[in-house]
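One rule links them: number in the numbering used here = place in the sequence shown (from 1) + 7.
Glycine is no exception: its CB is placed at the ideal position from the N, C-alpha and C atoms.
A quick note: this is a predicted structure, and the numbers were derived from the prediction, not measured.
Below you'll find the structure, written out as structure tokens, and then a few comments.
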Amino acid sequence: MAGEVSLNCTLSKNYVPVTQEPQKLYALVDVQVAGESVTGRMPINLNLVLDHSGSMSGKKIADLREAVKFVIDQLEPNDIISVTIFNDSVDVILPSQAVTDKANLKSLINSIDADDGTTISLGMRAGLDEIAKNLAPDKVNRVLLLTDGQTHGDEDKCEELAKESGTKGVPINALGLGDDWNAELLSQIANHSGGSSTFLKDPGVITGVFQGEVRWLQAIAAQNSEVTFRLTKDVTMERVHRTIPDIAQLGLAAPDDRTVSVRIGEISKDHGQRLLFELMVPPRQAGQYRIAQVEISYDLPMAGLMNEKVRTDILLNYSSDPSLTRQVNAAVLNIAERIAAWRMAQKPENLSADQLQRVGTVLLSAGDSELGTKVLEMAKTVRLGQQLSEEDKKTIRFETGKTVRLDKQT
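Structural data, given as structure tokens:
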């Protein structure tokens with residue numbers, strides 16, 4: 008079937024000057040799933056890995072129970088759910104099963120209570136085992152991990168499990184509640200597995216965040232997607248970032264010096280996927296040159312299509328005419344600037360007032376007025392010689408990269 012997935016590439020400049028030195032160039036790859044190519048939705052295979060340590064007592068655990076019940080209500084009989092809870096030990100309170108008896112499933116959730124410490128790897132191991140029971144390429148497989156505290160010396164094990172999960176095609180979306188959890192660990196769990204990480208400032212937003220996560224899963228149409236660049240001589244790839252639903256630097260696989268591939272996994276029919284590739288192009292004489300061929304391979308299970316491919320060529324003009332080489336694609340450069348701001352925000356404790364000012368300004372320019380204003384206030388705080396709070400640090404680190412708001416935390 009032709010046209011079920013579109014692939015478009017836009018350069019930051021269509022004309023570069025004739026020089027004696029290599030030049031940096033951005034290539035924005037936009038992938039979209041045609042709505043008419045997909046009927047219905049893929050079944051979901053979801054595991055919730057939930058912290059129920061002592062610090063989750065009171066409103067946190069009560070709101071968490073209600074959020075899980077809400078998730079159950081949003082699923083359908085052909086979906087699969089399992090729930091794993093952990094503190095110093097682990098308990099699978101809801102083994103992997105179809106969502107056919109919602110009343111019974113929700114009654115089991117009432118048994119979640121708060122007690123003892125936090126050992127995240129125990130919950131992750133049990134959660135991945137539950138996901139594996141119904142793991143299939145025609146399902147949207149996902150783990151949602153929520154914690155509000157520091158894990159007890161098993162950080163390396165958590166990262167190993169995240170890598171295992173990513174290898175199996177199961178992204179882990181890591182959710183940190185409050186301000187007393189290991190930001191670096193949750194970021195690495197998300198990165199290694201191909202998932203995302205999110206800061207939940209208080210328990211009142213858990214249901215909204217869970218709702219957004221389920222809505223995202225229900226919109227996934229393409230699976231097992233991979234973008235491959237076949238570069239021409241002397242063109243090199245520096246790095247690549249995903250930009251939907253959040254910014255993340257992706258790993259590159261290079262089977263040879265002219266081929267670079269990046270796995271992007273799932274594609275939403277509502278939002279598609281956008282990737283920003285950073286290239287270095289060599290000196291050339293004036294003229295038009297093909298610098299790369301881009302190909303995406305993907306599965307579209309609901310249309311019965313597997314390992315489909317779409318490709319396009321990237322053409323670049325070299326010119327000695329300044330009126331041409333001065334022209335830039337502002338939309339592509341704005342995305343590059345947003346990514347640069349996100350990269351700075353990953354170490355919020357090291358940011359100067361001027362850097363915070365820059366991040367805030369970029370966010371305002373991108374249309375995120377609420378977060379941009381908050382970051383500009385943080386810049387004022389630092390300029391006065393004060394330290395950022397833990398909430399401020401987590402806000403800037405985890406919110407700066409959000410380009411699609413799956414929820415609205417109020």
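Assigned secondary structure, T402 (DSSP; H/G/I helix, E/B strand, else coil) | helix
With DSSP collapsed to three states, give me the class of I92.
-> strand
If you draw a straight line from the alpha carbon of N357 to that of T407, how long is it in whole angstroms?
-> 16 Å
Taking V38 and V12 to be in contact with their CB atoms under 8 Å, please state how far apart those CB atoms are, rounded to whole angstroms.
-> 6 Å
Ends of the beta strand (DSSP E) at A229?
-> Per DSSP, A229 is one residue of the beta strand (DSSP E) stretching across 227-238.
Three-pair Cβ contact test at 8 Å for the stretch 371-379 versus the stretch 392-401 | no
Buried or exposed: where does P144 fall if 16 or more other Cβ atoms within 10 Å of its Cβ makes it buried?
-> With fewer than 16 Cβ atoms within 10 Å of its Cβ, P144 is classed as exposed.
Give me the Cβ distance between S326 and V25, rounded to the nearest whole Å; I'm assuming they're in contact under 8 Å.
-> 7 Å
Let me know if L391 comes out buried or exposed under the rule of 16 or more other beta-carbons within 10 Å of its beta-carbon.
-> exposed
Would you be able to state if there are at least three C-beta pairs under 8 Å between the stretch 124-138 and the stretch 40-50?
-> Result no; under three Cβ-Cβ pairs closer than 8 Å.
Quick one: what's P29 bridged to in DSSP?
-> Looking at the DSSP assignment, P29 forms no beta bridge with any residue, so it has no partner.
Using 10 angstroms around the beta-carbon of A74, count the other beta-carbons present and answer buried if the total reaches 16, otherwise exposed.
-> buried
Given a threshold of 16 other Cβ atoms within 10 Å of its Cβ, counted over all protein chains shown, does D328 qualify as buried or as exposed?
-> exposed
Check whether the stretch 188-199 touches the stretch 230-247, counting contact only when three or more Cβ pairs, one atom from each stretch, lie closer than 8 Å.
-> no
Under 7 Å, do S203 and S194 count as touching if we go by C-beta distance?
-> With respect to the 7 Å criterion, S203 and S194 are not classified as neighbours on the basis of their beta carbons.
Determine, using beta-carbon pairs with one atom in the stretch 81-88 and one in the stretch 105-113, whether at least three such pairs fall under 8 Å.
-> By the criterion of at least three beta-carbon pairs nearer than 8 Å, the stretch 81-88 is in contact with the stretch 105-113.
Considering only the beta carbon of each residue, do I321 and L283 sit closer than 7 Å?
-> no
Helix, strand or coil: how does DSSP classify L71 here?
-> helix
In terms of alpha-carbon separation, which member of S330, K276, E162, L129 lies closest to P308?
-> K276
Environment of D263 [buried if 16+ CB atoms lie within 10 Å] = exposed
Selected residue, minimal CA-CA separation from L371, among Q362, D253, A360, L383 = L383
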